[in-house]
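Using our numbering, read the sequence shown as starting at 181 and increasing by one per residue. What follows is a set of notes on a single structure, which appears directly below.
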Amino acid sequence: MFETLPAPKLDAIIALMQAYAADPREGKIDLGVGVYRTEDGRTPVMAAVKAAEAQIVETQDSKSYLALAGDRAFLEQMEALLLGGAVPSERVAAVGTPGGTSAVRQICELVRTARPEAVIWVSAQTWPNHLPLIRAAGLNAQSYRYLDTQSGGLDRAGLFADLEHVSAGDVVLLHGCCHNPTGVDLAAQDWADMAALLERRGAVPFIDMAYQGFGEGLDADAGGLRHLAARLPEVLVAASCSKNFGLYRERVGIAMAIVAPDRRDTLAATLAGLNRQAFAFPPDHGGRVVSTILSDPSLRRSWQAELDAMRARVQDNRRALADALRAATGSDRFAGVGSAQGMFSILPLSPAEITALRDAHGVYVLGDGRANMAGLSSRNIMACAEAIRDVTR
Ligand SMILES: Cc1ncc(COP(=O)(O)O)c(C=O)c1O
Numbered sequence: 181m182f183e184t185l186p187a188p189k190l191d192a193i194i195a196l197m198q199a200y201a202a203d204p205r206e207g208k209i210d211l212g213v214g215v216y217r218t219e220d221g222r223t224p225v226m227a228a229v230k231a232a233e234a235q236i237v238e239t240q241d242s243k244s245y246l247a248l249a250g251d252r253a254f255l256e257q258m259e260a261l262l263l264g265g266a267v268p269s270e271r272v273a274a275v276g277t278p279g280g281t282s283a284v285r286q287i288c289e290l291v292r293t294a295r296p297e298a299v300i301w302v303s304a305q306t307w308p309n310h311l312p313l314i315r316a317a318g319l320n321a322q323s324y325r326y327l328d329t330q331s332g333g334l335d336r337a338g339l340f341a342d343l344e345h346v347s348a349g350d351v352v353l354l355h356g357c358c359h360n361p362t363g364v365d366l367a368a369q370d371w372a373d374m375a376a377l378l379e380r381r382g383a384v385p386f387i388d389m390a391y392q393g394f395g396e397g398l399d400a401d402a403g404g405l406r407h408l409a410a411r412l413p414e415v416l417v418a419a420s421c422s423k424n425f426g427l428y429r430e431r432v433g434i435a436m437a438i439v440a441p442d443r444r445d446t447l448a449a450t451l452a453g454l455n456r457q458a459f460a461f462p463p464d465h466g467g468r469v470v471s472t473i474l475s476d477p478s479l480r481r482s483w484q485a486e487l488d489a490m491r492a493r494v495q496d497n498r499r500a501l502a503d504a505l506r507a508a509t510g511s512d513r514f515a516g517v518g519s520a521q522g523m524f525s526i527l528p529l530s531p532a533e534i535t536a537l538r539d540a541h542g543v544y545v546l547g548d549g550r551a552n553m554a555g556l557s558s559r560n561i562m563a564c565a566e567a568i569r570d571v572t573r
């Protein structure tokens with residue numbers, strides 16, 4: 181059966197993780213994989229998560245199956261966290277999923293079930309797993325311009341010009357905040373213009389929200405999503421709790437369709453059916469941790485304070501790297517690093533410069549130049565800036 185099976189190409193992020201792990205050099209710097217890190221390089225369990233887990237161990241008296249959609253309390257708390265009451269609950273159909281990855285996949289499956297000819301429009305720079313997930317669901321993708329490589333900011337004109345080609349019933353995938361990999365987000369006016377364009381073209385936005393809380397704050401980061409949800413008849417959402425709750429390996433996510441109230445039950449049943457055929461019941465433990473934290477005022481305060489501190493650390497690293505790069509290179513070539521949001525930035529480097537950075541200096545960034553600002557620390561920022569100066573002069 182398997183004689184002709186080709187070996188799959190290793191995912192770029194996983195390949196880089198393996199190369200970093202195998203590198204014996206002392207001062208190597210990992211700016212590759214998208215996880216939060218402390219100053220000393222750890223990805224800790226958040227204090228509120230530890231406390232919620234202790235409560236669950238103490239009080240949980242069954243691990244029997246739940247509903248295909250997962251735990252109701254988790255779905256309700258996540259709806260509030262994401263939508264902040266921007267739309268009535270009668271419009272919201274949602275299911276738990278194993279992480280944000282599965283949420284993206286399940287939304288693609290929903291689109292294929294409803295409208296197999298729909299094209300999913302994806303920003304030219306995007307999370308490397310978006311296109312494989314879309315194609316695995318049997319859908320076609322098209323790209324729209326996003327990053328202005330000259331300024332390091334948004335290519336606003338290119339973005340809106342490309343989306344004029346969207347057809348009615350197509351789906352436009354947008355990063356809710358902290359765009360991965362560019363760190364370039366839409367401003368309030370861009371979201372308003374996006375809503376107007378999607379309304380005019382009859383297209384459906386699909387918001388991938390993987391970093392809520394890492395940009396400007398929990399509510400501000402959901403501002404674009406809430407604006408679209410309040411204004412448009414149909415909005416799709418995939419959200420992850422991997423980063424903002426630090427629950428990476430527990431696999432906690434939610435897939436959501438915001439629709440007219442009279443379509444809600446059909447969407448909820450369809451999403452539950454899609455769960456049934458993919459993995460049946462979503463994992464419970466991580467979702468229960470999330471709902472325990474969000475429904476307990478003291479745990480919620482602790483979680484939010486820790487998340488605020490994580491956001492501040494990443495922002496400080498970003499500014500410090502931008503300053504160090506300006507000082508080391510004597511140019512504004514890397515100015516975009518300082519103005520971006522969230523964990524990532526694209527370093528404007530050529531493929532040869534990215535390879536030299538890794539081979540000669542042990543600094544690991546992805547092949548498109550994506551660098552995780554959380555991987556920096558006060559001990560390595562100068563070394564990192566000097567390595568970038570050396571490979572670019
Ligand atoms: C844009 C984006 N979407 C979705 C995900 C999925 O996250 P997870 O499946 O780990 O929850 C990620 C993770 O890096 C991401 O960056």
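Idealized CB from N, CA, C, for every residue including glycine. It should be emphasised that the depicted structure is a prediction, and the values quoted were computed from it without experimental measurement.
contact_flag[the segment 490 to 503, the segment 260 to 273] where n(CB pairs < 8 Å) is 3 or more: no
Cβ-Cβ distance between residue 288 and residue 249 below 9 Å: no
Test item: CB-CB of residue 276 and residue 467 under 9 Å: yes
Proximity test, residue 433 beta-carbon vs ligand 1 heavy atom, cut-off 8 Å: Checking the Cβ of residue 433 against ligand 1 gives yes.
Buried versus exposed, by CB contacts within 10 Å (16 or more), residue 237: Burial call: exposed.
Inter-residue spacing [alpha-carbon to alpha-carbon] between residue 558 and residue 219: 7 Å
Given residue 415 as reference, the closest of 296, 406, 422 once Cα atoms are compared: Among 296, 406, 422, the Cα nearest to that of residue 415 is on 406.
Backbone secondary structure at residue 512 - three-state DSSP: coil
beta-carbon residue 304 near ligand 1 non-hydrogen atom, thresh 8 Å: no
Whether residue 556 touches residue 545 by CB criterion (9 Å): no
Cβ pair residue 340, residue 377 closer than 9 Å: yes
Collapsed DSSP secondary structure at residue 322 in the structure displayed: strand
Sequence-distant residues of the same chain with beta carbon closer than 7 Å to residue 227, five excluded per side: 482, 486
Proximity test, residue 307 beta-carbon vs ligand 1 heavy atom, cut-off 8 Å: yes
Outcome for residue 473 when other beta-carbon atoms lying within 10 angstroms are tallied against a minimum of 16: The residue is buried, with at least 16 neighbouring Cβ atoms inside 10 Å.
Span of the alpha helix (DSSP H) around residue 455: 444 to 458
Host beta strand (DSSP E) of residue 274 (start-end): 272 to 277
Residue 388 beta carbon near ligand 1 (any heavy atom closer than 8 Å): yes
Residues bridged to residue 355 [DSSP beta-bridge criterion]: DSSP, once it has assigned bridges, lists 388 as partnering residue 355.
Alpha-carbon to alpha-carbon, residue 442 and residue 213: 42 Å
beta-carbon residue 284 near ligand 1 non-hydrogen atom, thresh 8 Å: yes
Nearest-angstrom Cα separation, counted from residue 197 out to residue 560: 19 Å
Assumed close pair residue 523, residue 494 - CB separation to whole angstroms, cut-off 8 Å: Between residue 494 and residue 523 the Cβ distance is about 6 Å, and since that is below 8 Å, they are a contact.
Residue 553, enclosing alpha helix (DSSP H) - first and last residue: Looking at the DSSP string, residue 553 is not in any alpha helix (DSSP H), and its letter there is neither H nor E.
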